[in-house]
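Chains as they are written, first to last, in this note's numbering: chain A, 1 to 261; chain B, 262 to 519.
Just so you know, even glycine gets a beta-carbon here, dropped at the ideal spot from N, CA and C.
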Amino acid sequence: MKYQNIPSEYAISVKGLSKRFVIPHERINTLKGAFIHAFRRKTFETFYALDAVSFDIKRGECFGIIGRNGSGKSTLLKILAGVYVADSGSVSIDGRISPFLELGIGFNPELSGRDNIYLNATVLGLSKKTIDEKFDSILAFSETGRFIDQKLKNYSSGMQVRLAFSVAIHANRDILIMDEVLAVGDTNFQAKCLQELHNLKEAGKTIVLVTHDISAVEKHCDRAMLIEEGKIAAIGEAGIVVAEYMKRNMSRNMSEVAKLI
Amino acid sequence: MKSHENHGELIMRLARTDFKLRYHGSTLGYVWAIVKPLLLFTILNFVFSSIFNFRNSGIPFYSLQLLTAILLFGFFSEGTVSGMTSLLSKSQLVTKTYVPRWTIVIASTLNALFVFGMNMIILAFFFIVYNKMPSLAGIGMFLIYVACLYALIVAFSFLTAPIFVRFRDLSMIWEVLLSIIMYSAPIIYPLSLIPAHLQKFLLLNPVGFIIHYTKEALILNSFPPPWQFVFLIGGIAFSGGAAFLVYCKLERKVAEYI
């Protein structure tokens, strides 16, 4: 698989992407185990997490990815972010990507809020100079001002998440990948996050949003994609894809109910 | 794909965080980094100087030799252990985002280098107490040996960090091997106490070689024959290259095994 920067109208262009996992029935985690089982026949299952997936995401677009658990959403995101290497296919990314699949990566409870901001922001690719400049703004957005030199373990979970989200949106990347990160904080803060998401979109950022909250996809995304068993089941205008998702879930539920009866 | 333009800053931030976390929680804080090898030194020095009487067996500056060797070996064992466990202990950085993984490995070994740097203050202090001034050439060689030892640590870490993700009992095996290395290297005993025909075998171990000749350089102002030195550098360069190739091969799948 290659990552290349192509100047085009697309921020992300994915072609024929496949990823399969070989899952052994008995996972061997130690050298001792490997030694003991050296001559035993190993049984495993091959699981196609992604099967020849192709799609494009336009620059400045808010693109939603929906699908049931285990449909391949996370695998796709991890390949986009560079965590996994695909078996075949290509990913072209034009612009700087913010590959955070979770908020507060690298956060450590034993460090102060200040240290955690620097650590997390550095991991997201910011230079020290940039963090220095943005520090006040990060702090203000997170609403955790006077606790900044306290250890993170003394923060409430809501405060931690606010701090993490605040760092994330200050990363100022061209492409933001977000995996279920909207379900944070109280309703007030959620509204603020959505507003910020809107601002980012206005500023021409490309946003890839993976969520189970289909109303958020319907409301904020221009286009969406439905993944089922590693394949694209539907792609297009957000409202239509969401409707398709609902329809499929509904008929599945109906047939399950029918089986029970 | 480019997500980090400044790898140096990332490495330093990770290493500094490690360093802070390591000693921050305890009351003595950073002092622990110095006290730990000093305690080991005090015990071994007492046992081998006073009870086994190495001091009066014609070995010049036995205590200084012992301290130098302990600090070097401590550097090696701490560096290799933290390098080997680096990818797993920072699994969040591997599975939840993308940072170039070699930066994680390097950052973990750097922490050991920081601690070693702090320990150099003690070493200098003891050299003053024993009124021993190493020659300039001796200090120069010392720095080169430290660089070699660090290169060895980095090579080992690149080889084992992705393997450790798959085989978690590697750390236990390495612990045993470390104590074998500790006793087979001229640390608590000087090389001259070993029968002459066995000495060259002990010097085949690069850690033993480095420790022995560092002591020689700093205390006795004596150096190995150049061809041996060429072998050392060549060996480290070769194993470093091989380790990095293995690392590149295994690194691609590391996130799937964590």
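Contact check for residue 58 of chain A against residue 65 of chain A fails: the beta carbons are separated by 9 Å or more.
Of all alpha-carbon atoms in B:365, B:500, B:300 and B:331, the one lying nearest the alpha-carbon of residue 423 of chain B is that of B:365. In this structure residue 470 of chain B does not touch residue 479 of chain B by the C-beta definition: roughly 15 Å separates them, more than the 8 Å allowed.
The stretch 364–391 of chain B is shown to contain no whole beta strand (DSSP E) run of 3 or more residues. Between the alpha carbons of residue 376 of chain B and residue 31 of chain A lies a gap of roughly 31 Å.
When 8 Å is used as the limit between beta carbons, residue 421 of chain B is near no residue of chain A, the shortest such separation being about 12 Å. From the beta-carbon of residue 85 of chain A, the residues of chain B found nearer than 8 Å are 513 and 514.
According to the DSSP secondary-structure assignment, residue 224 of chain A is paired through a beta bridge with A:64 and A:236.
CA-to-CA, the gap between residue 103 of chain A and residue 209 of chain A works out to about 14 Å. Looking at the backbone, the Cα of residue 294 of chain B and that of residue 452 of chain B are separated by about 28 Å.
Per DSSP, the beta-bridge partners of residue 179 of chain A are A:210. In this structure the stretch 329–341 of chain B does not lie against the stretch 83–93 of chain A, because fewer than three pairs of beta carbons, one per stretch, are closer than 8 Å. Inclusion of residue 467 of chain B and residue 455 of chain B in the CB contact set at 9 Å is not warranted, their separation being larger than that value. Looking from the CA of residue 369 of chain B, the closest CA among B:502, B:509, B:277 and B:332 belongs to B:277. Closer than 9 Å to the CB of residue 180 of chain A there is not a single CB belonging to chain B.
The Cβ neighbour count for residue 121 of chain A, taken over all protein chains shown within 10 Å, is at least 16; the residue is labelled buried. The three-state secondary structure of residue 130 of chain A, taken from DSSP, is helix. Shown here, residue 358 of chain B sits in a strand according to DSSP, grouped into three states. Within the stretch 388–457 of chain B, the runs of alpha helix (DSSP H) that reach at least 4 residues and sit entirely inside it are, in chain order, 397–427 and 431–445. Close partners of residue 118 of chain A in chain B (Cβ separation under 7 Å): 274. When the alpha-carbon of residue 49 of chain A is set against those of A:36, A:60 and A:18, the nearest one is in A:18. Residue-level contact by beta carbon holds for residue 270 of chain B and chain A, with a gap shorter than 9 Å. Using beta-carbon distances, residue 122 of chain A counts as an interface residue toward chain B, with a partner under 9 Å. Residue-level contact by beta carbon fails for residue 413 of chain B and chain A, as no gap is shorter than 9 Å.
Between the alpha carbons of residue 399 of chain B and residue 373 of chain B lies a distance of about 23 Å. Here residue 43 of chain A has 25 as same chain residues with Cβ atoms under 6 Å from its own Cβ, once five neighbours each way along the sequence are excluded. Residues of chain B with a Cβ closer than 7 Å to the Cβ of residue 102 of chain A are, in chain order, 357. Residue 326 of chain B has a beta carbon lying at 9 Å or more from every beta carbon in chain A. In this structure, residue 494 of chain B sits away from residue 355 of chain B, with a CB-CB distance that is not shorter than 9 Å.
Taking 4 residues as the shortest admissible run, the stretch 135–196 of chain A contains the following complete alpha helix (DSSP H) segments, listed from N- to C-terminal end: 157–169. In this structure, residue 305 of chain B keeps its C-beta atom at 9 Å or more from the C-beta atom of residue 405 of chain B. Straight across, the Cα-Cα distance linking residue 351 of chain B with residue 20 of chain A is about 25 Å. Scanning chain B for C-beta atoms nearer than 8 Å to the C-beta of residue 108 of chain A yields 278 and 282, reported in chain order. Here residue 330 of chain B is actually not in contact with residue 461 of chain B; their C-beta atoms are around 19 Å apart, not less than 8 Å. Within the stretch 58–75 of chain A, no residue has its Cβ closer than 9 Å to any Cβ of chain B. Annotation: the continuous alpha helix (DSSP H) that includes residue 114 of chain A extends over 113–123.
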